[in-house]
Each structure stands twice: as structure tokens, then as C-alpha cells.
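These notes are about the structure you will find just below.
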Amino acid sequence: MLIKVISYLTLILFHFSQLKAVSNQQKILSKTEFSCQNDEEFCYSKDSEYKKSIKYLFYDINPVEGFNLRRDVYIRIANLVGKINSESENFRIVLVLPPWNNLYHWKNMQVHQSRLKWSHFFDLEKLNEYIPVIELETLLKRNEGSLLIDQVFYLESNHQNLGKEEFNRIEFFQDCENTPYYKEITKVIGGEFWSYSEQISAKQCQKVSFRGTNHFLAKHLIKIFSNLNHLMIDRSEVMIHEEYGQSEYWKCRKSMKYSENLIQKAFEFRTKYLNNSTDQFYSERNSVLKFEGNYIGVHIRRGDFVKYRRTLSILKISQQIKNKLDEMKLNQVFIATDGNLKEFNELKGYLSEYQVVRYTPDLEELKKFKDGGVSIIDQLICAYSKFFIGTKESTFSLRIQEERELLGFDESTTFNCFCEEEKICQTSKWVLKL
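FYI, in mature numbering (1 follows the signal peptide of the UniProt record, and there is no 0) the residues of the sequence shown are -21 to -1, 1 to 413.
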């Protein structure tokens, strides 16, 4: 009897030892599955046994660049962070979102438009689904109102021997001479730092002669990050996409969902002023039932385009809009434009037999949404149109085309622009790839 009991206990112990071995094996297999919480010092694995230290990447862009290009640069940086996080075994990068500060194209002086958070324009929860992000203001509060960045890299474009040698090239210099950064009396590096010059400084700054992609830079940063916790890349627009328009690009772009109040305002405007119908279509591309408006969406880029690019006359633009309205048997057109009131009224005059609509925010709406929010509302209204016509080479039009791709509209209704000829031309097609 005793022998049987011992045998039974031995069998149980063996069984538990096997379960433990399997459990340990599962832990090893899941070692790379980490969850980053921005309010923690480490990224924890799902089994809570392994952890990676969190490090922060800051970035900035040439001050003259506009809202829509900056959104593209965010994708380049986010793809870089994703690349590092997928390959690093010891740490995870959290991307620090730089505040929006009085951009070149934000002309309204009646409203405060500095130190704007990303959450003003985008859904932070969705951004965090692609990579870990945190607002600069949040990180500052967590660090009692000040930050000392370990290293600043100031990128400068390298065009030497272009086409005669390997494209990707990087060279580090010892200082930041002839850049906006300077050494203070206290030996730390001073600078604008997103208008937080009194609260943020750096230990070191180096100019970097750079030509290459975000993945190429990521390879170097993985090594550099092993010795520091806070790194900043300035003039990050110098870095180009490794795979523009490919899967990772679209995964990041999809995560850039607009904030709910902007989506709601665009919907209310479409319903009130464009008789936005409940007409639905089934998008085979993403298997979602979508709504479309019975109107044409148009983006007319004027402003500094008139100075630096060949642009069409308002008369020619109106003729192409009229032809498309008649062809589609529609009577409504929504106009998104940075043109002045005189140009808009001229366009309305040429299209007097049609309903020509433009979103013009009142002062309260402008204070609430800011110039950046108003441009997103314009883009959302255009995105839901039955047919869209944009301006060639405009990043504003490109953002609308991307949104329509994510919504599942047919390519033939999206990638169109005004042309010298009387008919509408098609633009380059950067179609959805997920």
C-alpha cells in the first residue's frame, strides 16, 4: 500500500514538474511581448516577469514647415520608433509628442495657438495603439516641470556625391555650431525647445550630416540609446521614409484618428449644410458599411502656391467643377481653400446655378478648434464626398486622399486633381496597404 502511495505521489510531482517546464517555456517564448504604460518606469511583459526600461525620443522640425507635412514627419518618426522597439532587447522607446506652436500657415491672430497638445487634434488612445507616445507637457509635469535631455542630434542634409555612392550616409560632428543651440554659462545646451527654453535644456548637442531613411537611422539609434535615456532629433524632416505608402506607413496613418469633437463638427456641418444623405455603400476593401455625401469635395490650394507654382485661374477651376457636377448629376460642391474671400466669391459667381458651400468658423469655433482643427474639419468634409478633386502637389489634398483610402472609397473617386486641360487629371495613387 505504501509503495502505491509513493508511486502515486511521484507521478503527481512529475506531472507538476512538466507543467512548470511548459510554463517556463511559454515565458521564454513570450519574452518579446511587452506592454508599455507611460506612467511606469518599465515596459512589462504579459507574464510580469520580464521588463524593459523606458527611454524617451524627442523630435522637432524646421519651423517653416506646415501642419500637413508635420503629420507626414510624425509617421517617419513613428516608423523609426516601431523599428527600434521591434529589434531592441533591453529597452522600449516612448515617443514624446512636440506641442504645436503658431505654425507658418496659421494666420489667425485672434486666438491663442501655441503649446497646443496633440490631443487637441488627434485621438491619443489610437496613437498609442501603434507605438507608445506621451505629450511633452505630461512628461514635464511628471519631472516636476523641467527636463535635461542627454543628447541632441541636429540633422543636416548631405547631398555630396549623390548618385555616386551609397545613398544612406551619416557623419557625426563634435558640436552644434551654426545651429539654434548654444552653450550656456552653466555648461548645459540651451535652445528654443518647443517654447520651453526655461524648462528644458540638454547635456550635449551634435550636428549630424545625414542622408538616408528612418530605418537606416534606427540602426544607429539602437546602439546610441543603450548609453542614454533621453534623445532628441531636430530637423527630423531630413530623414525620409524607408517604405513610403507600404504596410507600416498605413498602420501608423490609420492610428492617426482625429479627435472626436472634430469628427462630430464635420458630421454636423455635412448634415446641416450639405443635406448629407444616409446613402450607404459597402466597401469591399475593408468590409465596412460607409456613408457618403451627395456632393463633390474640392480642395483649391492658393496662398503661396500662386507665387511659387503654376496655378489655374478661378474660371478654369470652375469649368472643371461644373463639368463634374453635371456628369454626376449633383448640385452641391464643398470648397476647402486657403484662397481669399474675393476668389471664393468669384468662384461662386461662375457656379451660380449650383450650391457652393464653404466652412467658415465663427470666433467661438476658431477659439475651440484653432486653425489646425479647422483644416481637419475641411479635410473630413471632403473625405466623405461622393467625388474628390484636389490640388496637385498639395499635402493638404494628400491627407484627404489618405482618409478616403481608409474609409474605403473607390480610387477613381479619390485620386483626382485640376489640370491645365479642361478635364480633370488623376494624381499619383498611394493606395491602402495593410
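Every residue, glycine too, gets a C-beta built ideally from N, C-alpha and C.
{"query": "Residue burial classification, N395 (beta-carbon count within 10 angstroms, cutoff 16)", "result": "buried"}
{"query": "Bridge-paired residues (DSSP) for Q299", "result": "According to DSSP, which records beta bridges pairwise, Q299 is partnered with nothing at all."}
{"query": "Proximity below 9 Å, CB of K244 to CB of E123", "result": "no"}
{"query": "Residues sharing a beta bridge with T192, DSSP", "result": "I219"}
{"query": "Residue interval of the alpha helix (DSSP H) (run including N64)", "result": "F46 to E66"}
{"query": "Cβ-based neighbour list, L253, same chain, cut-off 7 Å, excluding 5 preceding and 5 following", "result": "G272, Y274, Q311, F313 and V336"}
{"query": "Segment limits, beta strand (DSSP E) that includes R148", "result": "R148 to F151"}
{"query": "Beta-carbon gap between L207 and Q130 smaller than 9 Å", "result": "yes"}
{"query": "Through-space distance from I300 to S391, alpha-carbon basis", "result": "16 Å"}
{"query": "Residue from S174, N302 and E108 whose Cα sits closest to the Cα of R94", "result": "S174"}
{"query": "Option in G351, I179 and T165 with minimal Cα separation from K120", "result": "I179"}
{"query": "Outcome for F189 when other beta-carbon atoms lying within 10 angstroms are tallied against a minimum of 16", "result": "buried"}
{"query": "Buried or exposed by the 16-neighbour rule on C-beta atoms within 10 Å, applied to R289", "result": "exposed"}
{"query": "Nearest-angstrom Cα separation, counted from M307 out to P111", "result": "44 Å"}
{"query": "Contact check, residue 442 vs H278, beta carbons under 9 Å", "result": "A question about residue 442 goes unanswered here, because the residues of the chain that appear run from -21 up to 413."}
{"query": "Residues that DSSP places opposite M211 in a beta bridge", "result": "F37 and V131"}
{"query": "Bridge partners - H278, DSSP secondary structure assignment", "result": "A315"}
{"query": "Buried/exposed call for H138, threshold 16 Cβ in 10 Å", "result": "exposed"}
{"query": "Rounded C-alpha distance that separates K6 from G61", "result": "Bear in mind that a pLDDT of 31 at K6, under 50, signals an unreliable position, so the number given afterwards is only what the model happens to contain. If I take the Cα positions, the gap works out to 23 Å."}
{"query": "Secondary structure of N310, DSSP reduced to three states", "result": "coil"}
{"query": "C-beta contact flag for I149 and H199 at 9 Å", "result": "yes"}
{"query": "Of the residues K34, E66, F101 and I403, the one placed nearest I296, counting alpha carbons only", "result": "I403"}
{"query": "Given I56 as reference, the closest of E68, Y35, P42 and N69 once Cα atoms are compared", "result": "Y35"}
{"query": "Bridge partner(s) assigned by DSSP for I179", "result": "L126"}
{"query": "Beta bridge counterpart(s) of Y160 as assigned by DSSP", "result": "None; Y160 has no bridge partner."}
{"query": "Residue nearest to I368 in terms of C-alpha spacing, selected from N58, Q298 and E216", "result": "Q298"}
{"query": "Cβ separation of S354 and F46, assumed to be a contact under 8 Å, to the nearest whole Å", "result": "6 Å"}
{"query": "Opening and closing residue of the beta strand (DSSP E) in which F367 lies", "result": "S364 to I368"}
{"query": "Cβ distance (whole Å) where residue 462 is taken to contact I33 below 8 Å", "result": "For residue 462 there is no data in the structure shown, the boundaries of the chain being -21 and 413."}
{"query": "E114 - containing beta strand (DSSP E), residue span", "result": "V112 to E114"}
{"query": "Limits of the beta strand (DSSP E) - the one that Q334 falls within", "result": "Q334 to V336"}
{"query": "Nearest-angstrom Cα separation, counted from T192 out to F146", "result": "9 Å"}
{"query": "Close-in-space but distant-in-sequence residues of the same chain around G328 (CB under 8 Å, 5 per side omitted)", "result": "none"}
{"query": "6 Å Cβ shell around F151 - same chain, five flanking residues per side excluded", "result": "Q185 and V187"}
{"query": "Environment of Q89 [buried if 16+ CB atoms lie within 10 Å]", "result": "exposed"}
{"query": "Nearest-angstrom Cα separation, counted from Q380 out to Y237", "result": "15 Å"}
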